[in-house]
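Residue numbers are given in UniProt numbering: position 139 of the sequence shown equals residue 139, and the series is strictly consecutive. All C-beta atoms, glycine included, are put in the ideal place defined by N, C-alpha and C.
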Amino acid sequence: MSKEILINVTPQETRVAILENGVLQEVYIERSRNKGLVGNIYKGRVCRVLPGMEAAFVEVGMDRAAFLHVSDIAPHGDNANKPTISHLLSEGQDVLVQVIKDPMGTKGARLTAHITIPSRYLVFMPNSTNVGVSSRIEDESERERLKTMLLDQKDLLGESGYIIRTAAETATPESMVQDILFLNKLWGSISEKSRAEKAGNVIHEDLSLPMRVLRDMIDDDLERIRVDSRETSRKMQHFAEKLMIEAHSKIEHYPGERPIFDLYGVEDEIQKGLGRKTHLKSGGYLIIDQTEAMTTIDVNTGAFVGHRNLEETIFKTNLEAAQAIARQLRLRNLGGIIIIDFIDMVEEDHRAQVLRALEKALDKDHARTQVCEVSSLGLVEMTRKRTRESLEHVLCETCPTCEGKGYIKSAETACYEVFREILREARQFDAKQLLVLAAQEVIDLLVDEESNSLAELEDFIGVPIKLQVESLYTQEQFDVVIM
């Protein structure tokens, strides 16, 4: 697999596109007005303890208080002996916390007191003594080799814990030492600042998006990183020289006149990623709907092919859909509960193969996923860890006309509501004339197909009715004014 990273930089926002074999897989967007907060460390102050929820709200200087659950404070271990939230925190207490989930919708940020600071090869855990290895490194001998390499530096490790990252497979003992020294120095400055700062202030901000790309997304498959900003490419090369020299030669400035995202077709793919419908090469398609509680994905064949080949066509469509769904989850950054309605398959073996294909396609996903067996209703239930807003929530806002429903009342429905309102007004008030203000589509229907009904209503109430188009009204809006 060949992998390319494209970085588009403007003063207002930075966008990163991850391409695998020339196909867009992931998009990251960081706007100067609304930077992501995940990874930032704050000195917070407990403003409310909720014993019933085993949680607390913490003021960290944001618009809304952030949420801290007892599981993100207490030491990991035996659940039976874990202290309650009331034993750990009290109102007015200062606490050092880190953001693990950005504020989303009406919810505040999610916090943890288990601080973690990543470097190229390691994750530093100052409040732990454990040494672990990334679960993505599956070979047991390799896990032991890396753990031994780290523990050989026990004089530098002190009383803190570490997780060895997947990228450490290519690390040398010298580069591992460099990482430990860097993390020790950084934690020293964070500790010093946390003592001096007032509650509600940020103590440490995570790296900017281009630098996080270097720290977190460099692997053996990466061919190059193309950046359309000369200044940003220089900063990235300088960062690489200090922390990851192997990435230095892969960073290049793109000087072309044509926008870099246009050159690779990324803009078109982003637009497709905002639509409900995703087409499959076989002629089938996916319908993807995001709601507050979950995301639903419906798989359709798109055309009926006859009885003889129907089961085989359904099977092939579902296999293709499994690949497409894994890509769409990454591209749209969909998280939380996801329900997939594959086309019903008669053969048990086909169902098992589609499920395996989905799980294999999800192996490439950086976010943690968990797939359940096919339910009795033929649905596949899965979860995907959500730490930042989806692509739709970053780039879009709720439609003011339909208010997120995805549909509006028809002009015919609005007409009949107008008739009912006219009757209501005529019975309640002594009007000499009524004026109906409505959208163009509703007025057109009233003077055309519903003109007889309007005339009969006018005779019935004995009051003349005038009509007026209001160009700013939506199809659902209308007013009946007494003259």
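Straight across, the Cα-Cα distance linking glycine 256 with arginine 332 is about 28 Å. Collapsing the DSSP output to three states places isoleucine 218 in coil. By the neighbour-count criterion, in which a residue is buried when 16 or more other Cβ atoms sit within 10 angstroms of its Cβ, serine 119 is buried. Distance from the CA atom of isoleucine 339 to the CA atom of valine 374, rounded to whole angstroms, is 10 Å. Put simply, the region 20-37 does not touch the region 239-247. Fewer than three CB pairs are less than 8 Å apart.
Leucine 89 and valine 70 have their C-alpha atoms some 9 Å from each other.
Relative to the Cα of leucine 286, the nearest Cα in the group Leu334, Thr317 and Asn40 belongs to Thr317. The three-state reading of DSSP puts glutamine 353 in helix, counting H, G and I together. Residue pairing by DSSP places tyrosine 285 opposite His279 and Asn300 in a beta bridge. Spanning the alpha carbons of serine 191 and aspartate 63 requires a straight line of approximately 25 Å. In the DSSP annotation of this structure, the continuous segment of the beta strand (DSSP E) that includes leucine 111 starts and ends at 110-112. Under the three-state reduction of DSSP output, glycine 188 falls in the helix class. Shown here, arginine 424 sits in a helix according to DSSP, grouped into three states. The Cβ neighbour count for cysteine 396, taken over all protein chains shown within 10 Å, is under 16; the residue is labelled exposed. Distance from the Cα of phenylalanine 342 is smallest, within the candidate group Asp349, Leu355 and Arg330, for Leu355. For glutamate 381, the enclosing beta strand (DSSP E) starts and ends at 380-384. The secondary-structure analysis by DSSP pairs histidine 204 across a beta bridge with Ile41. Within the same chain, Cβ atoms closer than 7 Å to the Cβ of threonine 166 are found at Ser134, Arg136 and Ile137, the five residues on either side in sequence being excluded.
Residue pairing for glutamate 20: DSSP places it in a beta bridge opposite Lys3 and Val23. Just measuring C-alpha positions, the residue of Lys43, Tyr42, Asn40 and Arg15 sitting nearest arginine 31 is Arg15. Aspartate 479 carries a strand assignment under DSSP once its states are collapsed to helix, strand and coil. By the CB criterion at 8 Å, isoleucine 465 and phenylalanine 429 fall outside the cutoff.
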